[in-house]
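When you read off a place in the sequence shown, starting at 1, and then add 2, the result is the number in my numbering. Backbone N, C-alpha and C define an ideal beta-carbon position, used for all residues, glycine too. Just so we're clear, the structure is a prediction, and the values are computed from it rather than from any experiment. So the structure is just underneath, and the comments pick up after that.
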Amino acid sequence: MTRDGAKVPLSARKPRLLAGLLAVARHRTMTRQRLAALLWEDSDADQARGSLRQALAQIRRAGGGGWVEAEGEELRLGVDVSTDLDAFQAALARNDPAEAARLYRGSFLEGIDANASDLGQAIAEHRARFATLATEALSRELDRLGDSAEAAALAHRLLGLDPLNEAAHRRLMQLDAARGMRGAVRTRYETLEAALRRDLGAEPAAETRALYDRLRRGAGAAPKEPEAKTMPDTADAATPGTAFLLICMEAEGMVDLAWLRDRASAEGATELETGPGEVAFLFTDRALRDVSNTALQLAEAAGEALSFGLTAQDVDAQAASRSLVRARRIAAMAAPGEVFVAPDLAPRLGLAVEAGQRAVALQPDAMRKRPDLPLIGRDTELAQVKAAIATAQAAGTGLTIHLAGEAGIGKSRLTTEIARSVRQSGMSIATAGFDAFSSGTRHLAQRIMAGLPNLPGPVDVSSIDRAVWSWLRDAEPGKDVELRMSALSPEAQQARIVEVLAAALTRAAQPSGLLVVIEDCHWRPMGAGDFILDLVRQLQDSRTVLLLTERPGPRSLDRRLAVRARSGLVRVTLPPLPEAMARDLVRAVAPDIATPEAAIERAAGHPLFLIRLLEAQWIDGALPTSVAELVQEQVERLPEVERNGLRQAAILGVSFDRADAAAIFPDTASLRSSGDLLHETETGLAFGHDLIHLAIYEAIPEETRQDWHARAAAHFRGVAPFSWADHALRATDDVDAGRAAVAAANAMVAARRFSAAFPYIEAGLARDGDPEAQAELHSCRASIRRTRGDMAGALEDYRTAHAFATRAETRVAMLTRQALVLHRLGLGDEADRALDAAEDIADAAGLSGPVRAEIHEQRGNRAFVRGDHAACRAHHAAALDLAEAAGDPRGIARGHGGLGDATYAAGLFTTAYDHFTKAIETAEKAGLGLVREEYMFMRAFSLFFADPGPKAFLLADVAVDSAVQCGAARTELIAREIRAEMRTANGDLKGLEEDLVAISQLATAKGETRFMKDVQTCYAWLHMRRGELDVARNYIEPLLDDACSDAYIGGKILGLAALLAQDRAARDGWIAKGRECLARGSLAHSVFWYHASVLERAVMDRDHALAEEEIAAMKAFAAQEPIGIVSLYIRTAELVLWPSSDQDRRSHAEVVRAAGLEDCALILLRPDQSYVRP
């Protein structure tokens, strides 16, 4: 809609529909009741009429008065309003098909879909009527144009309206034949024939068949200079092991086969044995483009005597035989003098392939790519970069080049020239980059490594680093790799990836250097900038050159690089080209243009804009003001079918898979290369520049864009989570957007790409859609926060998720996970209340399975810290049963781990060790690294009590080292606390202090308070053994008030208080409290440490009666299952307190020393020395 030449900004859908309905009614009126009912079918009458009044008001506000006239209940378009419908119908009335064809630019109300049934039917009827009129007009105009240059475009427009219009197909066949493209004639006819049979059950008309026969027999002459007939430079380069098979079959007449063989041999071909009437040549280690050019030259020389078939050659003998059969079939489909190629090779040669097509005619001009231009106006920058690279390589140090400039200023062209230069010097090159449309399914590090396929792996590295290497290189890493990677914290994972990648690049840089190009860093997703900066730091002493290209902006890496880089940084910013250089560019691109001044002035030194102006021959008049405007103008000039196809392609991103495009938009003609707008790649199609893509994309009406994104989202739904989310989040369906965001975020979390998950989480949370999806997104963010140690943030998200959840299963899960976090924060009562609420919902809904198993697991954890061994064991056994019934490996592993906790708490240390081992083995098989880490330290501690010795200490060291490597701070904290306790028994005061310092630092950083009593008690023990008794008592004193009710560590605290007591009365008071604590129920380790401390005090006091009481209690403690450490401590006390020989004491001292109980050995060997241990 325009008024006085200015566009009327009416974007709302219903007012536009209203204007369209009145326009099609024209001189007739429509009642308000009818219009309201059509446009607002789902509203009641009063609401619909109110909406109609608002729509009319919107039209008046946007365009002023006069658009709609009203007479009571009747509405019609204003008498002064003219429409393209009026002009179209007037042209038809005066028999002016050319004007009618020009005016028909798309379907009625194109880009607006009507969901209501009556309205949709009405619009569909109008569209069909106008399309029929347009088809008739186009057909008449096509007859008038004959074989003129405009006929092809008009025929394509006609096929856009009527794909089976035989007149249009005939005209295109004639035009193709006139250009000597007999293969295209044949392809078009066969495609039409198949479509008619499929859709109408009919054959082509007699006129069409006769024309095809005529054209096939009387094909135009081949070009006179076959040597100039070449394929575009877009086919893949030769790679070792590639092979192509070309078969030549006799057709009509005679040919000089000797010359043919000589020519093929000169091009590197080997002749194969074949049947009579055919010759076959095998080309190995040759680029497909070169082989295709050779085939074209052989076909030109042979004329119509031979037909040719080209296919890829398989390696093994049996497959090679199949390749020969395939090549014969392809050659049989080719007309005399033609070369047909296998459909899988066609896209690599710039040839379009229709669905189901068995062979494609080789056409040298299928995609004419702009030749590489000389580097113009960037000599200074190139010299600066080359000098910096040469200096860094001579010094054997790293170098980072930051190449900045606005879009289209020439960054890619300069990068290409830099790459060419370093390649000539012998350096290797790897490239990667970022996409504006998606964060990518593979990590940047993996994409860099893909460019170095022959790099050998590292040697003498840890299992974690081997796993990272495999993750970098393998498309589908194995379970062991998944296990190791999943155990890494986000921070540790990034650090390891950077270290392993940097080491690999450093190896690749020896001895000749390596250039790593990372393009379009301005499109990088969250977290990628930190990764690049870490990589820069790691490579500073490597012979690796990092080349980063980026547009300037607030997220630019420029300043951060300047701060981070110690040395070796070159910063290049590309300015606009000066006028003299712009003229040089004109001479290189379009030397025949005599007056390029207007284009040079309009481009203002912007190379891409100037090139596109010249290629479009836009050198005077009203020039476009930007690349975007130019591209939009070019697209508007295309036939409607091509224009619509390009716009739909833009929905799919800068690059995309042709098969996806065909599936999402099946009614659109097959996409093919379109000069520099769209070109072939190894994996599909791509726009020539992201500016071109953006220009086409932004020209799509918003409603149409959203609709097309919805169609793409539906295609990727449940199959490709990232693509589904990328499209759904750009469509209007909030429900689908939320669910897609959940899928993408979960996939990123599963891949341990937590930073990349956050944009999907935040985008999904911004859509007010499915409450369940909102709950899942909050839960996903909570799990990331929990992994990173942010317990308060995780708790907030779990509570929000519970508030959103509508399904009972989700509400139960969120409450249970709240309980887990509260339990870890030491808020036990709140955790119990959350579990009570979860159980109430589960009972009311009759839930079982995984959600019930999760409740049991957390109930078991709570019972563990209370010392309720029976409840702990019962809950974890129930959780394991449910997990095994569901076949859930995570649940099975956690079930065994829970039973390990339960039996450990009850003093059944050998049984606990077995359960923890099963939990670890199950986690390893399922690739559950975090679960495995969680139970490694408990396996070590259980073995320490059950059978103390070197293996237990080794397992403890492994648990700590593994947690450190994985960056699992909480796991490291607990593993170190357990090892600290083991070191107290071994008298390792230096190792004990080392662990305590590390634990304190970790607890401060992560806000973990649950294990601080353990730390204080260990510090008390450390100072006691150093003889600093007052310091030790000061550590214990604040812990005594509630020790009696503390099932987790109260017994150990009270036992140590008894050992440190200054007289017997105080000693006996603490012993009484300790026994009271144990009678209430305590965890097994607390029970043991209490008895061990009191027994040592009995030895110090030579109190045989107290010793006998403690020995009896310890034997009772070990009655259900033997406990190795208990037996050793009892025997130590007996040898000291009761008569024994020096030899017996020395022998037992060696036994306990071998068991890692040096503290016991010193009691035996120096019974007169109280407290202090050397």
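With H, G and I counted as helix, E and B as strand and the rest as coil, what does DSSP make of residue 588?
In the sequence shown, the residue the question calls residue 588 occupies position 586. Residue 588 carries a helical assignment under DSSP once its states are collapsed to helix, strand and coil.
Whole-angstrom Cβ separation of residue 175 and residue 159, contact assumed at under 8 Å?
Position 173 of the sequence shown, counted from the first residue, corresponds to residue 175. Position 157 of the sequence shown, counted from the first residue, corresponds to residue 159. So it is not a contact: roughly 17 Å between Cβ atoms.
Three Cβ pairs or more, each shorter than 8 Å: is that satisfied between the segment 540-555 and the segment 505-522?
A contact is defined here as three or more CB-CB pairs under 8 Å, and the segment 540-555 meets this definition with respect to the segment 505-522.
Below 8 Å on the Cβ atoms is my guess for residue 939 versus residue 980; work out the distance and round it to an integer in Å.
By 1-based counting over the sequence shown, the position of residue 939 is 937. By 1-based counting over the sequence shown, the position of residue 980 is 978. Sure, about 5 Å apart at Cβ, within 8 Å.
Using beta-carbon positions only, say whether residue 400 and residue 308 come within less than 7 Å of one another.
Within the sequence shown, residue 400 is the residue found at index 398, counting from 1. Within the sequence shown, residue 308 is the residue found at index 306, counting from 1. The Cβ-Cβ distance between residue 400 and residue 308 does not fall below 7 Å.
Inter-residue spacing [alpha-carbon to alpha-carbon] between residue 785 and residue 770:
As a first step, residue 785 must be located in the sequence shown, where it is residue number 783. As a first step, residue 770 must be located in the sequence shown, where it is residue number 768. Cα-Cα distance, rounded: 22 Å.
Is the beta carbon of residue 172 sitting closer than 7 Å to the one on residue 137?
By one-based count along the sequence shown, residue 172 stands at place 170. By one-based count along the sequence shown, residue 137 stands at place 135. Contact flag unset, no.
In this structure, what does DSSP give as the bridge partners for residue 804?
Here residue 804 refers to the residue found at position 802 of the sequence shown. Residue 804 has no beta-bridge partner at all, per DSSP.
For residue 76, list the residues DSSP reports as bridge partners.
In the sequence shown, residue 76 corresponds to position 74, counting from 1. Per DSSP, 33 and 73.
Which residue comes first and which comes last in the alpha helix (DSSP H) that contains residue 786?
The residue given as residue 786 occupies position 784 in the sequence shown. It spans 773-789 - the alpha helix (DSSP H) in which residue 786 sits, taken as one unbroken run.
DSSP has residue 550 in a bridge; who is on the other side?
For the purposes of this step, residue 550 is taken as the residue at position 548 of the sequence shown. For residue 550, which the question treats as bridged, DSSP gives the partners 404 and 520.
With a threshold of 16 other CB atoms inside 10 Å of the CB of residue 544, please say whether the residue is buried or exposed.
Against the sequence shown, residue 544 aligns to sequence position 542. So residue 544 ends up on the buried side.
Do residue 885 and residue 855 come within 7 Å of each other at the CB atom, strictly closer than that value?
Counted from its first residue, the sequence shown places residue 855 at position 853. Counted from its first residue, the sequence shown places residue 885 at position 883. It is a contact, given that the beta carbons lie within the stated cut-off.
What separation, rounded to the nearest whole angstrom, lies between the Cα atoms of residue 108 and residue 314?
Here residue 108 is taken as the residue at index 106 of the sequence shown, counted from 1. Here residue 314 is taken as the residue at index 312 of the sequence shown, counted from 1. One Cα belongs to residue 108, the other to residue 314, and the distance between them is close to 42 Å.
Hey, quick one: how far does the alpha helix (DSSP H) through residue 1153 stretch, first residue to last?
Along the sequence shown, read from residue 1 onward, the residue named residue 1153 stands at position 1151. Start and end: 1144-1156.
My guess is that residue 1151 and residue 1166 are in contact by the Cβ rule of under 8 Å, so how many angstroms apart are they, rounded?
Numbered from 1 along the sequence shown, position 1149 holds the residue referred to as residue 1151. Numbered from 1 along the sequence shown, position 1164 holds the residue referred to as residue 1166. Contact flag correct, Cβ pair sits at about 4 Å.
Within its chain, find whatever has a CB closer than 6 Å to the CB of residue 16; leave out the 5 residues flanking it on each side and keep chain order.
In the sequence shown, residue 16 corresponds to position 14, counting from 1. Hits under 6 Å: 41 and 57.
Any chance the segment 861-881 sits against the segment 1041-1055, with 3 or more Cβ pairs inside 8 Å?
Yes: at least three Cβ pairs fall under 8 Å.
Note the first and the last residue of the continuous beta strand (DSSP E) segment covering residue 435.
Here residue 435 refers to the residue found at position 433 of the sequence shown. It spans 430-435 - the beta strand (DSSP E) in which residue 435 sits, taken as one unbroken run.
Could you give the first and the last residue of the continuous alpha helix (DSSP H) run that contains residue 284?
Residue numbering aside, residue 284 sits at position 282 when the sequence shown is read from its first letter. Element bounds for residue 284: not the alpha helix (DSSP H) but the beta strand (DSSP E), 280-286.
Tell me, to the nearest whole angstrom, how far the beta carbon of residue 740 is from that of residue 712; I am working on the premise that it is less than 8 Å.
Counting from one through the sequence shown, the residue named residue 740 turns up at place 738. Counting from one through the sequence shown, the residue named residue 712 turns up at place 710. Residue 740 to residue 712, Cβ: 14 Å. No contact.
Looking at the secondary structure, which residues open and close the beta strand (DSSP E) in which residue 1082 lies?
Position 1080 of the sequence shown, counted from the start, is the residue given in the question as residue 1082. That residue, residue 1082, is in no beta strand (DSSP E); its alpha helix (DSSP H) goes 1066-1082.
Should the segment 386-395 be called in touch with the segment 199-217, which here means at least 3 C-beta pairs below 8 Å?
Because the criterion of three Cβ pairs below 8 Å is not met, the segment 386-395 and the segment 199-217 do not touch.
Measure from the alpha carbon of residue 1019 to the alpha carbon of each residue in 509, 571, 1001 and 1058, then state which is nearest.
Start at 1 with the first residue of the sequence shown, and residue 1019 comes out as number 1017. Across the set 509, 571, 1001 and 1058, the C-alpha of 1058 shows the shortest separation from the C-alpha of residue 1019.
Alpha-carbon spacing of residue 706 relative to residue 715, whole angstroms
On the sequence shown, position 704 is the one that residue 706 refers to. On the sequence shown, position 713 is the one that residue 715 refers to. Answer to the nearest angstrom: the Cα atoms are 14 Å apart.
Locate the alpha helix (DSSP H) running through residue 816, then write down its first and last residues.
The residue you call residue 816 lines up with position 814 of the sequence shown. Residues 810-826.
CB residue 1131 to CB residue 1026, shorter than 7 Å?
As a position in the sequence shown, residue 1131 is number 1129, starting the count at 1. As a position in the sequence shown, residue 1026 is number 1024, starting the count at 1. Not in contact: residue 1131 and residue 1026 (Cβ atoms no closer than 7 Å).
For residue 728, tell me which candidate among 759, 788, 923 and 539 has the shortest Cα-Cα distance.
Within the sequence shown, residue 728 is the residue found at index 726, counting from 1. Of all alpha-carbon atoms in 759, 788, 923 and 539, the one lying nearest the alpha-carbon of residue 728 is that of 759.
So, for residue 611: in the same chain, excluding its five sequence neighbours on each side, which residues have a beta-carbon less than 8 Å away from its beta-carbon?
Counting from 1 along the sequence shown, the entry for residue 611 is found at position 609. Same-chain partners within the cutoff: 410, 604, 605, 628, 629 and 632.
State the DSSP-derived secondary structure class of residue 362, mapped to helix, strand or coil.
To locate residue 362, count along the sequence shown from 1; it is residue 360. Residue state, collapsed to three classes: strand.
Short of 7 Å in beta carbon distance, which residues of its chain neighbour residue 1106, apart from the five on each side in sequence? Order them along the chain.
One-based indexing of the sequence shown puts residue 1106 at position 1104. Shown here for residue 1106: same chain residues with a beta carbon closer than 7 Å to its own, the five before and five after excluded, namely 1139 in chain order.
Nearest-angstrom Cα separation, counted from residue 821 out to residue 509:
Within the sequence shown, the letter at position 507 stands for residue 509. Within the sequence shown, the letter at position 819 stands for residue 821. Between the alpha carbons of residue 509 and residue 821 lies a distance of about 49 Å.
Compare the Cα-Cα distances from residue 328 to each of 340, 777 and 360 and report the closest residue.
Mapped onto the sequence shown, residue 328 falls at position 326. The residue with the shortest Cα to Cα distance from residue 328 is 360.
Take the Cβ of residue 256 as the centre, count every other Cβ of all protein chains shown within 10 Å, and call the residue buried at 16 or more, exposed below.
By 1-based counting over the sequence shown, the position of residue 256 is 254. Label assigned to residue 256: exposed.
Of the listed residues 1114, 573 and 905, nearest to residue 406 (C-alpha basis):
Numbered from its first residue, the sequence shown carries residue 406 at position 404. The candidate whose alpha carbon is nearest that of residue 406 is 573.
Just to confirm my understanding: we take residue 471, look at its own chain, exclude 5 residues before and 5 after, and list those with CB closer than 7 Å. What are they?
Position 469 of the sequence shown, counted from the start, is the residue given in the question as residue 471. For residue 471, same chain residues with a beta-carbon under 7 Å away, outside a window of 5 residues either side, are 459, 460 and 502 in chain order.
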